[in-house]
Amino acid sequence: MDANEVLNQVATEVSTCLKCDLHHSRKNAVPGAGPANAEIMFIGEGPGFHENEQGLPFVGAAGRFLDELLAGIGMQRNQVFITNVVKCRPPGNRDPQNEELAACDGYLERQIQAINPKVIVTLGRFSMAKFLPNAKISHVHGQPVRVKGRLIVPMYHPAAALHQPSLRSTVEGDFNRLPELIAEAGEAPELVEQEQPDDNSNEEPKQLSLF
Ligand code: URA
Ligand code: SF4
Numbered sequence: 001m002d003a004n005e006v007l008n009q010v011a012t013e014v015s016t017c018l019k020c021d022l023h024h025s026r027k028n029a030v031p032g033a034g035p036a037n038a039e040i041m042f043i044g045e046g047p048g049f050h051e052n053e054q055g056l057p058f059v060g061a062a063g064r065f066l067d068e069l070l071a072g073i074g075m076q077r078n079q080v081f082i083t084n085v086v087k088c089r090p091p092g093n094r095d096p097q098n099e100e101l102a103a104c105d106g107y108l109e110r111q112i113q114a115i116n117p118k119v120i121v122t123l124g125r126f127s128m129a130k131f132l133p134n135a136k137i138s139h140v141h142g143q144p145v146r147v148k149g150r151l152i153v154p155m156y157h158p159a160a161a162l163h164q165p166s167l168r169s170t171v172e173g174d175f176n177r178l179p180e181l182i183a184e185a186g187e188a189p190e191l192v193e194q195e196q197p198d199d200n201s202n203e204e205p206k207q208l209s210l211f
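Structural data, given as structure tokens:
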């Protein structure tokens, strides 16, 4: 299967997935959107109200801010792949639970393997925790870290900056460094085998800050 086929297959599977309780309140699953050859992948938390209505990621207020941030670095949404750690909306936008994150992780892993982006930007603490389980976002935001050969850049969630205006310039500053990080990231790691969903869940990734 080529990358597009994997992404389509994942989208088909999540639309009828029953692996966790979030399927009960789902109107539309939100598999993610963007080109299969994207060099950069953004991973948020989970669909909110508008995303659940439309089946597309980041189409509400946080999404508009994300578009602005992208525009600020001369990028458009159709150049990047955007998805979430859970593909179905947590009721009332509550935090995703550990069981839900674990149940959904295989889909995200398949997307990462298929796209094999140079850089993954995590938006918010739940997607950060997938790669940097013990990191605190207030300490590590904006700092690139190599995890299994790939550059991970943890950032605050855009919605956090909307709720807490003092974070706005922090998020903008972190974003503005992205072009430089992408340029210096080098190639994505060579991936030969499918990773097991939780083969490193208890392992501390090496935090090699490169820049
Ligand atoms: N917040 C997220 O984390 N993901 C979305 O898709 C929308 C809002
Ligand atoms: Fe399946 Fe993920 Fe939706 Fe849970 S959140 S039902 S694991 S697609």
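According to my numbering, the sequence shown holds residues 1 to 211 in order. All residues carry an ideal CB built from backbone N, CA and C; glycine is no exception. The structure presented is a predicted model; accordingly, all values stated were derived computationally and were not measured.
Do residue i and the ligand SF4 come close, with the Cβ less than 8 Å from some heavy atom?
i	result
ARG26	yes
ALA100	Correcting the residue type first, residue 100 is Glu in the shown sequence and not Ala. True, at least one ligand heavy atom lies under 8 Å from that Cβ.
TYR107	yes
LEU18	yes
VAL163	According to the sequence shown, residue 163 is His rather than Val. False, no ligand heavy atom lies under 8 Å from that Cβ.
Comparing C-alpha positions only, which one of the options sits nearest to residue i?
i	options	result
GLU187	LYS87, PRO165, PRO158, ARG146	ARG146
GLU68	SER169, PRO189, GLU190	SER169
GLU94	GLY173, LEU22, LEU66, ASN176	According to the sequence as given, residue 94 is Arg; it is not Glu. The option with the nearest alpha carbon to ARG94 is LEU22.
ILE40	GLN164, CYS20, LEU70	LEU70
ASN78	PHE58, PRO90, ARG150, GLY92	PHE58
GLY74	ASN176, GLU190, PRO189	ASN176
Name the DSSP bridge partner or partners of residue i?
i	result
PHE81	MET41
LEU151	VAL119, ARG146
ALA183	Bridge partners of ALA183: none, in fact.
ALA71	None; ALA71 has no bridge partner.
How many whole angstroms separate the CB atoms of residue i and residue j, which I take to be in contact at a CB cut-off of 8 Å?
i	j	result
PRO158	VAL171	7 Å
VAL14	LYS87	4 Å
- Query: Do the stretch 19-37 and the stretch 167-187 make contact, defined as three or more Cβ pairs closer than 8 Å?
  - Reply: no
- With contact counted as at least three CB pairs below 8 Å, one residue from each stretch, are the stretch 23-30 and the stretch 130-144 in contact? no
- Count the CB pairs spanning the stretch 44-63 and the stretch 109-118 that are closer than 8 Å, and state whether there are at least three. no
- Task: Decide if the stretch 4-11 is in contact with the stretch 101-112; the criterion is three or more beta carbon pairs, one per stretch, under 8 Å apart.
- Result: yes
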